[in-house]
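Colleague:
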Amino acid sequence: MGQLTQTFVAMLVVGMLFTGTVNTLLNKLQDLTCVSHCDEPDKTKRHYFEQPVFQTLNMFIGEVACLFVYHIALLVERLSSKPPASSSAAAYHPISTDDAPAASSQDPAGETSPLISDHARRQQQDSEAQDENGEAAVEREPLVGWRNLLFVLPTLCDLTATTLMNVGLIYISASIYQMLRGSVVLFTGTLSAIFLGRNHPLYRWFALVTVFAGVAIVGLSGVVQASGTAAVPITGSPIGILLVVLAQTFTAMQFVIEEKIMARYEVPAIKAVGLEGLFGLICVGVGMPILHYTIGIHGAPGNFFDMYGGYRQVVDNPQVLWAGVGIIFSIAFFNWFGLSVTRSISATSRSTIDTCRTLFIWVVSLALQWESFKWLQVVGFAVLIYGTFVFNNVIRPPAFFARFTTDDSRIHEEVASHHPRPQQQQQQQQHDA
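Residue numbers (our numbering): 4 to 436.
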């Protein structure tokens, strides 16, 4: 890897870590912003910003920006007399299955190729592979026209998952929230075996059980060691923990559906993120008035579905407003940085790097006194990361399980890469951040 490539990849990694960390912290900052009765000495009587639907709206606005970037890149290509992105020359390229750089020698730093060339894993393997009868694999069709609507279904999963996570974040600390999101590998691994026919070797089932144990320990730390600080009240609520974990089932369904789509159609990851942002924006725009007039008007002012109350809280509180702007930009750049990292190195490396984001969120939250240090949380996080790394072949499984590993077992990199959200990212996704 040349010096230019190393520098560029390092910038991508730093950008991914920074924007991903900022995104989660800004969401938590909004949750911790007092919007009424702020002079009350008793903090329990103060009203804080609790608008998960508006936070979901912020995410989709940020993802829509990826669609603009995609079309700008297409326009630049056409003006440069290059083949259009829908052609085979500019279609997604495979995510490499090791840590070797994937950028071409003609574009050593990969400055532009991640915008339009980042395809789902195994694209090249599928195009070059032959089936058992010696026939070439079926070529993917471009995702154009009405086929773009196929991303409505994963968008609905993303919308549900993100909103549930935003509600959960109100009740738990940012670090526990981020750690619990790691349980997506558990649900994605299980659903991929059921609906995609994945034949996971035994060591991966061991890894999924380990992930489950790690999530349980992290969740337990948020319940039995919940405590606030003098600076801000933090509640380790079982409801918040359950909502975040439940959200991962919808995120896993999103990943499985996206993989089904991308197995048949050629679609750049950044376009997929943008499409989900566009459809999500439409769904939220339609859903907010419905929820307001069916649920919001019957609850207390400023409740989750009070559209007008939420709007006033946003525009009347500069901290909430500017944090929302920051969320929009951070999710847009996080998706681009994440997709570029996957393009330049590998999805496994991206998932490993993204683990550092949780540590940064944890450190910053402790420094801001948003939460207190918990040893049980450290133990749970370590177990969770170990299981995730074993599942993704980052580290070797125990020798007992290694003997059951078959030669054709391949790393399912999409599980830990997101977008988010959003497929990972793209998918982590996703929806990610």
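Glycine included, each C-beta is placed from N, C-alpha and C at the ideal position. From a predicted model like this one, the values you see are computed outputs, not experimental measurements.
Identify whether S178 lies in helix, strand or coil by the three-state DSSP scheme.
Modeller: If DSSP states are grouped into helix, strand and coil, S178 belongs with the helices.
Colleague: Exposed or buried, which one is R399 when buried takes at least 16 other CB atoms within 10 Å?
Modeller: Classification of R399: exposed, given that the 10 Å Cβ count is below 16.
Colleague: Using 8 angstroms for Cβ pairs, my map puts L29 next to V367. What's the rounded Cβ distance?
Modeller: In fact, because the Cβ distance is near 11 angstroms, the residues do not count as touching under 8 angstroms.
Colleague: I220 and V382 - do their beta-carbons sit closer together than 8 angstroms?
Modeller: Contact: yes.
Colleague: Could you check if L14 is buried or exposed, using at least 16 other CB atoms within 10 Å of its CB as the buried criterion?
Modeller: Per the sequence shown, residue 14 should be read as Met rather than Leu. Its Cβ having fewer than 16 others within 10 Å, M14 is exposed.
Colleague: Going by beta-carbon coordinates alone, are C69 and W339 separated by less than 8 angstroms?
Modeller: In contact: C69 and W339 (Cβ atoms closer than 8 angstroms).
Colleague: Determine, using beta carbons only, whether V259 and M168 come nearer to each other than 8 angstroms.
Modeller: Their beta carbons are not under 8 angstroms apart, which means V259 does not touch M168 by this criterion.
Colleague: Report, in whole angstroms, the separation of the C-beta atoms of G23 and F337, which I expect to be a contact under 8 angstroms.
Modeller: 5 angstroms between Cβ atoms; contact.
Colleague: Apart from the five residues on each side of it in sequence, which residues of its chain come closer than 7 angstroms, Cβ to Cβ, to R150?
Modeller: Within the same chain, R150 has close Cβ partners Y268.
Colleague: Shorter than 7 angstroms, the distance from the beta carbon of N61 to the closest heavy atom of the ligand HEM, or not?
Modeller: This structure lacks the ligand HEM, and indeed carries no ligand of any kind.
Colleague: With a 10 Å radius around its C-beta and 16 neighbouring C-beta atoms as the bar for buried, classify C160 as buried or exposed.
Modeller: C160 should be labelled buried.
Colleague: Our contact map puts I285 next to G225 with C-beta atoms below 8 angstroms; I'd like the distance itself, whole angstroms only.
Modeller: Rounded, the Cβ-Cβ distance is 35 angstroms, inconsistent with contact.
Colleague: If you run the structure through DSSP and keep just helix, strand and coil, what is E142?
Modeller: Three-state DSSP puts E142 in coil, outside helix and strand.
Colleague: If L162 and V287 are in contact, beta carbons under 8 angstroms, what's the gap, nearest whole angstrom?
Modeller: At roughly 7 angstroms, the Cβ-Cβ gap stays under 8 angstroms, so L162 and V287 are in contact.
Colleague: Where does E39 sit, in a helix, a strand or coil, going by DSSP?
Modeller: Looking at the sequence itself, residue 39 is Ser, so the reference to Glu does not match. Three-state DSSP puts S39 in a strand.
Colleague: Counting Cβ pairs, one atom from each stretch, are 3 or more of them under 8 angstroms apart for the stretch 50-64 and the stretch 305-322?
Modeller: Yes, since at least three Cβ pairs between the stretch 50-64 and the stretch 305-322 fall closer than 8 angstroms, the two stretches touch.
Colleague: By Cβ distance, which residues of its chain are closer than 6 angstroms to Q33, with the 5 residues on each side in sequence left out?
Modeller: Result list for Q33: F52, V323, A326, in chain order.
Colleague: Which residues mark the beginning and the end of the alpha helix (DSSP H) in which I273 is found?
Modeller: Counting along the chain, the alpha helix (DSSP H) containing I273 begins and ends at 272-297.
Colleague: Is H50 helix, strand or coil when you go by DSSP?
Modeller: Here H50 sits in strand by DSSP.
Colleague: Return the chain-ordered list of same chain residues with a C-beta closer than 8 angstroms to the C-beta of N320, the five sequence neighbours on each side being excluded.
Modeller: Within the same chain, N320 has close Cβ partners T36, V38, F52.
Colleague: Assuming Y73 and G341 make a contact with CB atoms under 8 angstroms, what is their CB distance in whole Å?
Modeller: No, Y73 and G341 are not in contact; Cβ-Cβ is about 15 angstroms, not under 8 angstroms.
Colleague: Might you give, ordered along the chain, the residues of its own chain that have their beta carbon closer than 7 angstroms to the beta carbon of M256, omitting 5 neighbours on each side?
Modeller: Excluding positions up to five away in sequence, the list reads C160, L194.
Colleague: Could you please give the first and the last residue of the uninterrupted alpha helix (DSSP H) stretch that includes L152?
Modeller: First-last for L152: undefined, no H or E at that position.
Colleague: Would you kindly report the start and end of the unbroken alpha helix (DSSP H) that includes V188?
Modeller: Segment 187-198, the alpha helix (DSSP H) holding V188.
Colleague: Using the rule of at least 16 other Cβ atoms within 10 Å of the residue's Cβ for burial, across every protein chain shown, is W506 buried or exposed?
Modeller: There is no way to answer for residue 506, as the model of the chain reaches only from 4 to 436.
Colleague: Counting only the same chain and skipping the five closest in sequence on each side, list residues whose C-beta sits under 7 angstroms from that of A196.
Modeller: Excluding residues within five positions, the ones whose Cβ falls inside 7 angstroms are H203.
Colleague: Could you give the residue range of the alpha helix (DSSP H) that holds Q372?
Modeller: Taken as a continuous stretch (DSSP letters only), Q372 belongs to no alpha helix (DSSP H), as it is neither H nor E.
Colleague: Roughly how far, in whole angstroms, is the beta-carbon of G65 from the beta-carbon of A335, given that I think they are within contact range, below 8 angstroms?
Modeller: That pair is a contact at about 4 angstroms.
Colleague: For G302, collect the residues of the same chain with a Cβ closer than 8 angstroms to its Cβ; drop the 5 residues on either side in sequence, then sort them by chain order.
Modeller: Correct list, in chain order: F308, D309.
Colleague: Measure the C-alpha to C-alpha separation of H295 and T165 and round it to an integer number of angstroms.
Modeller: Spanning the two alpha carbons is a distance of roughly 19 angstroms.
Colleague: Can Y180 and L189 be called in contact, C-beta distance under 8 angstroms?
Modeller: It is not a contact, given that the beta carbons lie outside the stated cut-off.
Colleague: Judging by CA-CA distance, which residue of E43, R201, L146, L183 is the nearest neighbour of P271?
Modeller: Out of E43, R201, L146, L183, L146 has the C-alpha closest to the C-alpha of P271.
Colleague: Nearest-angstrom Cα distance between N306 and I300?
Modeller: Using only the alpha carbons, I get a separation of about 9 angstroms.
Colleague: Going straight from the alpha carbon of Q9 to that of I242, what length do you get?
Modeller: Those two C-alpha atoms are separated by around 44 angstroms.
Colleague: Start and end of the alpha helix (DSSP H) containing S224?
Modeller: S224 -> alpha helix (DSSP H) spans 205-227.
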